[in-house]
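Sequence positions in the sequence shown follow UniProt numbering and run 66 to 400. C-beta atoms are modelled at their ideal positions from N, C-alpha and C, and glycine is treated no differently. The structure under discussion appears below in the form of C-alpha cells.
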Amino acid sequence: IFKGYIDDLPKETDMELKLSKIDPNIPLQASSAILVKNLYLSCDPYMRGRMRDFHGSYIPPFRPALPLEGFGVSKVIHSNNPNFKPGDFVCGFTGWEEYSVIQRTEQLRKIQPDDHIPLSFHVGLLGMPGFTAYAGFYEVCSPQKGEYVFVSAASGAVGQLVGQLAKLHGCYVVGSAGSQEKIDLLKDKLGFDDAFNYKEESDLDAALKRYFPQGIDIYFDNVGGEMLDAALLNMRIHGRIAVCGMVSQQSLSNPKGIYNLFNLISRRIKMQGFLQSDYLHLYQRFLEDVSSYYKQGKIFYFEDMNEGLESAPAAFVGLFYGKNVGKQVIRVAHE
Ligand code: NDP
C-alpha cells in the first residue's frame, strides 16, 4: 500500500504490507475485467515520479492508501472477457498485490509461454525496459557502425541491453556503474569493451577522457546530473545524446544545474528526451528481434530476483542506492 506523497528519496516506510482476504468469486465490476494472480512485479525508477502529488506528468500519481501499481506478469484466474481465459499469461499494469482485478484489459499483452524464455523477462528484456533500450538506441541515437557509445547505469534493466545492441551494431561501448561487481558483469558477461565505477572517479570529465580519448558519438543517458554535464564536454561533433532517464536527479527538490550546454552548439550535438511509449508501433518488431538475439545466444540478460511481495518495498528503494544488479524483479508466486 502506498502510504502518502513524498519529496525526497523513497523509503521502505513509505509503503506498507496489508493482509486481506480474497473472495475467489469476486464479482467483476466491468464485464471486460479479469481476476489475475500476479507472478512477477517490476520495480522501475519511474515509479518514484508517481509518489509525488503532481498531475502534470505523462502518468498520474499513485493514490494514497491504495496498492502501488506497476508492470507485472500475471496468470488469469477468472474472466468474463472473451479475449482472456483462465490459465492465460498476461503482461501489463497490475497492482502490487498477490491477486488483482484488472479493469483496463486493453493495455495487457498476452504472453505465449516459451520454454527458452523465462516468463519474468516480460517485465525486463522483453518488457518496458528492454523496449526502452531498443527504441532509444535505434530510433533516438541513429547509430552507425564503428561509433563510440557511452551508457550510464549500464548494468541496469535498460543499460545492459543498450550496450549489447550497440555491440551487435559494431560500435565501441563503455558503460559506467556503481560497483566492482557491476563492472565485472559489464566487461566479463555482457561484452562491453570497457566499464568504470563512477563512484571511484573524483573527476568524471577526466574519466571520460581516459575511456574515450577520441570522444563520444552517442551518450545513452540514464542518470542525468553530473554525468550528463561531463559527457557534454566529451561529445564529438554531430554526437547524439538520448536522454532516457535522470535517476540521479528525480528525488531532488533542487536538481543540479547543467553547465556545459554550450557544447550543443559548438559541437552540433543532437540531444533528445524520449518516452518508450511513443514508439509502441515498433513493439512487435522488437519482440521478434530481441527474442531471436536471446535464443541465438547473441545477448544475455541479468535479473535481480527478490522473493515474495514483502520484499518489494526494499527492492524498490534499493534502485535509488544501486543495490540491484541487473533488472529488479519481485517473484510474488511461482508459475
Ligand atoms: P536500473 O535497473 O538501472 O536501476 C537504477 C540504477 O540507477 C541503480 O541500480 C543505480 O546503478 C543507478 N543509480 C541510482 N541512483 C543513482 C545516482 N544518484 N546516480 C547515478 N546512478 C544512480 O533502472 P532502469 O534500467 O530500469 O532505468 C534506467 C533509467 O531509464 C532510469 O533513469 C529510468 O527512469 C529510465 N527509463 C526511461 C524510460 C523512458 O521511456 N524514457 C523507460 C524506462 C526507464 P549504479 O549502481 O550503476 O549507480
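For Asp118, no beta strand (DSSP E) segment is defined, and its DSSP state is neither H nor E. Using a 10 angstroms sphere on the CB of Gln341, the tally of other CB atoms reaches 16 or more, which defines it as buried. Annotated as proximal: Pro126 and Phe119, with beta-carbon spacing under 8 Å.
Boundaries of the beta strand (DSSP E) around Ile281: 281–286.
Scanning Asn145, Cys206, Leu131, Ala130 for the CA closest to the CA of Leu100 turns up Asn145. At a Cβ-Cβ threshold of 8 Å, Tyr366 and Gln225 count as neighbours. Taken through DSSP and simplified to helix, strand or coil, Val188 comes out as helix. Within the DSSP bridge table, the entry for Arg305 names Ile283, Lys335 as partners. By the Cβ neighbour-count rule, Gly373 is exposed, with fewer than 16 other Cβ atoms within 10 Å of its own. Taking a contact to require three or more Cβ pairs closer than 8 Å, the region 278–292 and the region 304–313 qualify as touching. By the criterion of at least three beta-carbon pairs nearer than 8 Å, the region 307–319 is in contact with the region 202–221. Our two residues, Leu104 and Asn328, have alpha carbons roughly 47 Å apart in a direct line. Contact check for Pro129 and Phe67: beta-carbon distance about 6 Å, within the 8 Å limit, so the pair qualifies. Straight-line measurement puts the Cα of Asp259 at about 8 Å from the Cα of Tyr276.
With contact defined as three or more Cβ pairs closer than 8 Å, the region 334–351 and the region 369–383 are not in contact. A direct Cα-Cα distance of roughly 19 Å separates Thr78 from Ser107. Shortest Cα-Cα distance from Glu375 to any of Leu326, Lys388, Arg396, Leu384 involves Arg396.
DSSP places Arg275 inside the alpha helix (DSSP H), whose first and last residues are 269–276. Assignment of Gly137 by DSSP, reduced to helix, strand and coil, places it in the strand class. Taking 4 residues as the shortest admissible run, the region 348–397 contains the following complete alpha helix (DSSP H) segments, listed from N- to C-terminal end: 348–360, 377–383. Around the C-beta of Tyr199, 16 or more other C-beta atoms lie within 10 Å, and the residue is accordingly described as buried.
Annotation for Asp109 indicates a beta carbon within 7 Å of some heavy atom of the ligand NDP.
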